[in-house]
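Trainee: The structure that follows is given in the form of structure tokens.
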Amino acid sequence: MLNDRLCGIIESILFVYGEAIDIETLANALGHEVKTVHSALNDLEQELQAAHRGLSIKRFANMVQLVSKADYATYVERVLQPVQRQSLSQSALETLVIVAYLQPVTRQEVEAIRGVKCDYSLQSLSQKGLIADVGRKETLGRPILYATTAQFLSHFGIQSLDELPELPADFPGEEGIQLKMELQPQEKTAVSRR
Amino acid sequence: MLNDRLCGIIESILFVYGEAIDIETLANALGHEVKTVHSALNDLEQELQAAHRGLSIKRFANMVQLVSKADYATYVERVLQPVQRQSLSQSALETLVIVAYLQPVTRQEVEAIRGVKCDYSLQSLSQKGLIADVGRKETLGRPILYATTAQFLSHFGIQSLDELPELPADFPGEEGIQLKMELQPQEKTAVSRR
Amino acid sequence: MSLVFNVKDYQGPLDLLLQLIGNAKIDIKDIFVSEVTDQYIQIVQNADSMDMEEASEFIQMAATLLLIKSRSILPVIQTEEDEEDPETTLIRQLEEYAKFQQLALQMQDFELAASRLFSKLPDEFPLPPPVYELEGLTLEGLIEAFAKLSARLLERDELAPEKHKIIRKDQHSVTTFMKNIMQKTRKGSVGFAGLLSKSPSRNEVVTLFLALLELLKQGRLKVVQESSDAEILLMRNRREVKISAE
């Protein structure tokens, strides 16, 4: 190919440049006619279609840019955003327990029990897919209701919420929780489990 | 080529990543063995040697980076002026070379050879990430030991320390250095790395 | 020969000496029989505005050179046996340093070659939301978290009891009241009020009344009230009496 070297040079320039570059600027710098550069770009474009190439050319208006190949985007994502291994903090676990037993439950209700702000732990549990926003409570401010997800069940190795351990009759927490629940009276039976 | 697609995927990732990436990280993210990735990198490297390719692969330590081809540097510079070349000062270079050959080495040992104070050049090399503090020598005063980094290899375009030019045959070497070291008598083997 | 040197152009006294040796085209070992020593001392003397920090090393070297020169003029001073004479030390140091200078020069070529490889900045790549792989989640951990939470809640409630009213578990149930009524009516009729405790809660009254209604529905009890404000008398149905008598 006559344009072999020119193709290589253009690839080199586009690579380092990173952004889109005006084809005329490119031609001037290389001392070639715009036509020649266009033809070299055509060759390059064709060559980049092969599976062993990870790049592609983007042309728009009179600009050209070297970009990564869309087909391989998922692999790029895997490297840039590897799966993060995490465990839950004690505070997140507590929040999760409250949501699991009292769902659907609002942030305010969880906070009333834990006695601390829970925005962060609720957000982090949501992000991890353990709880989800399942609607809004029809009270003042229509607060978001949280419930556990199917992923929650699978993470803890249970098939349904019924398998959650029953609370012992004399469980000190039970009383405390129900007490707090009076602040926001609700029918325990009206809970809709997903 | 069996690795066709893998080559393309790696090229794509290296392109987006821009910086040098750890080969193990790459292999983990792709779900391949390090060996397989190395072999794909070899294929890619060979393929990039063709005139119509403007890129090349730089490997150092356990890292790999996609860079432009050296042969086409003058063209790249025509478009991208001014390209900042970071070459080291004579005094920094001398200090760095001594560290490279005698690592791990203390400031006092470097100064004994150069015959001048080296605090400043060691500090500036550390700042540039070319050398790093790797521990302390178990002698009086527990002086800091310096060694070169992966960045050092990258700066000089070599894959490992084995590629450093060989020491001249009649190099006085250990003997000569130990002469100066008499000021701080110490066992060269007593090095403790962190 | 006018030497216009600035010591700042050199990487220290060894560098300057090597340059002078190079200019004089002599072997390092011949340094003391050449004019290099004189040249060196002259340069250091003529150098104006040296800062003390840099100067000290150059001056120290000048002193060493002068010592060596004086030794060559004076009758030989016997040095201690295992002590190296300053000439040997300096030559060794110069040779050693020269090697590293040579290596540095080669490394400069490497550096130049490597500087022809340009990298590119990372792309701004749109990423999907992060994926988390959760580890160490167990049912036991969940229960434990609940236990800890409960313990803390209890402690908190004990610390500030006045803040909350304690609601007791329901002590009364319809079934137990039904049993009570049947037992107390065994020996004849009983007044409704007589079945209640001394200071009954509303809950107790209601539950007792519910138990009463239930027994009436089942036909096991009869209720008699003389007038609307008279006491309600409860008595067993005859059939019930019969059955229990049998």
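Chains as they are written, first to last, in our numbering: chain A, 1 to 194; chain B, 1001 to 1194; chain C, 2001 to 2246. Every residue gets a Cβ at the ideal spot worked out from N, C-alpha and C, and that includes glycine.
Taking Cβ positions only, does Asp1004/B come closer than 8 Å to chain A?
Mentor: Residue mapping note: residue 1004/B aligns to position 4 of the second sequence, counting from 1. By this cut-off, Asp1004/B is an interface position.
Trainee: Closer than 8 Å is the cut-off here; do at least three beta carbon pairs connect the segment 33–44 of chain A with the segment 82–90 of chain A?
Mentor: At 8 Å Cβ cutoff, the stretches do not touch.
Trainee: Based on DSSP bridge pairs, tell me the residues matched to Gly2191/C.
Mentor: To locate residue 2191/C, count along the third sequence from 1; it is residue 191. Paired residues: Leu2233/C.
Trainee: Around the Cβ of Asp2015/C, are there at least 16 other Cβ atoms within 10 angstroms (buried) or fewer (exposed)?
Mentor: Position 15 of the third sequence, counting from 1, holds the residue named residue 2015/C. Label assigned to Asp2015/C: buried.
Trainee: Measuring only between beta-carbons, confirm whether His1032/B sits less than 8 Å from chain A.
Mentor: For the purposes of this step, residue 1032/B is identified with residue 32 of the second sequence, where counting begins at 1. With 8 Å as the cut-off, His1032/B does not count as an interface residue toward chain A.
Trainee: Does the beta carbon of Met2107/C sit closer than 8 Å to a beta carbon anywhere in chain B?
Mentor: Position 107 of the third sequence holds residue 2107/C. Chain B contact via Cβ: present.
Trainee: Using a beta-carbon distance below 8 Å, is Leu1041/B in contact with chain A?
Mentor: Counted from its first residue, the second sequence places residue 1041/B at position 41. So no, Leu1041/B is outside the interface.
Trainee: Taking any Cβ of chain A, which residues in the segment 1051–1072 of chain B have a Cβ under 7 Å from it, in chain order?
Mentor: Going along the segment 1051–1072 of chain B in chain order, one finds Ala1051, His1052, Arg1053, Gly1054, Leu1055, Ser1068, Lys1069, Tyr1072 with a Cβ nearer than 7 Å to chain A.
Trainee: Would Arg85/A count as contacting chain B if we go by Cβ distances under 8 Å?
Mentor: Counted from its first residue, the first sequence places residue 85/A at position 85. No, because no Cβ of chain B sits closer than 8 Å to the Cβ of Arg85/A.
Trainee: Over the uninterrupted alpha helix (DSSP H) stretch that includes Asp133/A, give me the two end residues.
Mentor: As a position in the first sequence, residue 133/A is number 133, starting the count at 1. Note, Asp133/A: premise wrong, no alpha helix (DSSP H); beta strand (DSSP E) at 131–136.
Trainee: In chain B, which residues lie with their C-beta within 9 Å of the C-beta of Leu2014/C?
Mentor: Sequence index remark: in the third sequence, residue 2014/C carries index 14 (1-based). By Cβ distance, chain B contributes Ile1113, Arg1114, Gly1115, Val1116.
Trainee: Can you tell me whether DSSP reads Ile21/A as helix, strand or coil?
Mentor: Indexing the first sequence from 1 puts residue 21/A at position 21. In this structure, Ile21/A counts as strand in the three-state DSSP scheme.
Trainee: Measuring alpha carbon to alpha carbon, tell me which of Gly1008/B, Glu1163/B, Ile1098/B ends up nearest Ala1112/B.
Mentor: Taking the second sequence and counting its residues from 1, the one referred to as residue 1112/B is at position 112. Among Gly1008/B, Glu1163/B, Ile1098/B, the Cα nearest to that of Ala1112/B is on Ile1098/B.
Trainee: Is Glu2057/C near Pro2013/C, with beta carbons less than 8 Å apart?
Mentor: Here the question's residue 2057/C lines up with position 57 in the third sequence. Here the question's residue 2013/C lines up with position 13 in the third sequence. Yes, they are a contact pair.
Trainee: Which runs of the alpha helix (DSSP H), 4 residues or longer, sit entirely within the segment 89–145 of chain A?
Mentor: DSSP runs (the alpha helix (DSSP H)) wholly in the segment 89–145 of chain A: 90–102, 107–114, 119–127.
Trainee: Would you call Lys128/A buried or exposed, if buried means 16 or more other Cβ atoms sit within 10 Å of its Cβ?
Mentor: The sequence position of residue 128/A within the first sequence is 128, counting from 1. Buried, by the Cβ-count rule.
Trainee: Compute the beta-carbon to beta-carbon distance between Ala1029/B and Pro104/A, rounded to the nearest angstrom, for a pair I have assumed lies under 8 Å.
Mentor: In the second sequence, counting from the first residue as 1, residue 1029/B sits at position 29. In the first sequence, counting from the first residue as 1, residue 104/A sits at position 104. Going by Cβ atoms, the distance from Ala1029/B to Pro104/A rounds to 38 Å, so no, they are not a contact pair.
Trainee: Whose C-beta lies closer than 6 Å to the C-beta of Ala1051/B among residues of the same chain, with five residues either side of it excluded?
Mentor: If you number the second sequence from 1, residue 1051/B lands on position 51. Answer for Ala1051/B: no residue qualifies.
Trainee: Starting from the beta carbon of Glu109/A, find every residue of chain C whose beta carbon is closer than 8 Å, and list them in chain order.
Mentor: Indexing the first sequence from 1 puts residue 109/A at position 109. What Glu109/A touches in chain C: nothing, since even the nearest Cβ is about 14 Å away.
Trainee: Any beta carbon from chain A within less than 8 Å of Glu1024/B's own beta carbon?
Mentor: Locating residue 1024/B in the second sequence gives position 24, where the first residue counts as 1. So no, Glu1024/B is outside the interface.
Trainee: By the three-class DSSP mapping on this structure, what secondary structure does Val83/A have?
Mentor: Counting from one through the first sequence, the residue named residue 83/A turns up at place 83. Note: Val83/A maps to coil in three-state DSSP.
Trainee: So, does the CB of Ile1009/B fall closer than 8 Å to a CB anywhere in chain C?
Mentor: If you number the second sequence from 1, residue 1009/B lands on position 9. Cβ-Cβ to chain C under 8 Å: no for Ile1009/B.
Trainee: Find the nearest neighbour of Gln2106/C within the set Glu1045/B, Ile1158/B, Gly1008/B, judged by alpha-carbon distance.
Mentor: On the third sequence, residue 2106/C is found 106 positions in, with the first residue counted as 1. The shortest Cα separation from Gln2106/C among Glu1045/B, Ile1158/B, Gly1008/B belongs to Ile1158/B.
Trainee: Who are Tyr2132/C's beta bridge partners in DSSP?
Mentor: The residue you call residue 2132/C lines up with position 132 of the third sequence. Answer by DSSP bridge pairing, in chain order: Gln84/A.
Trainee: If distances are taken between C-alpha atoms only, which option among Gln151/A, Val110/A, Ala92/A, Ile144/A comes closest to Gly2141/C?
Mentor: Along the third sequence, read from residue 1 onward, the residue named residue 2141/C stands at position 141. Ranking Gln151/A, Val110/A, Ala92/A, Ile144/A by Cα distance to Gly2141/C puts Ala92/A first.
Trainee: If we require 4 or more residues per run, which alpha helix (DSSP H) segments fall completely within the segment 2023–2049 of chain C?
Mentor: Whole alpha helix (DSSP H) segments, 4+ residues: 2036–2046.
Trainee: Could you tell me whether any Cβ in chain C is nearer than 8 Å to the Cβ of Ile1158/B?
Mentor: In the second sequence, residue 1158/B corresponds to position 158, counting from 1. By this cut-off, Ile1158/B is an interface position.
Trainee: Going by C-alpha distance, which of Ile9/A, Phe156/A, Glu166/A is nearest Glu1077/B?
Mentor: Sequence index remark: in the second sequence, residue 1077/B carries index 77 (1-based). Of the candidates Ile9/A, Phe156/A, Glu166/A, the one whose C-alpha sits nearest the C-alpha of Glu1077/B is Ile9/A.
Trainee: Between the C-alpha atoms of Gln186/A and Glu138/A, what's the straight-line distance to the nearest angstrom?
Mentor: Taking the first residue of the first sequence as 1, we reach residue 186/A at position 186. Taking the first residue of the first sequence as 1, we reach residue 138/A at position 138. Because Gln186/A sits at a pLDDT of 41, beneath the cut-off of 50, its placement in the model cannot be relied upon, and the point is left open.
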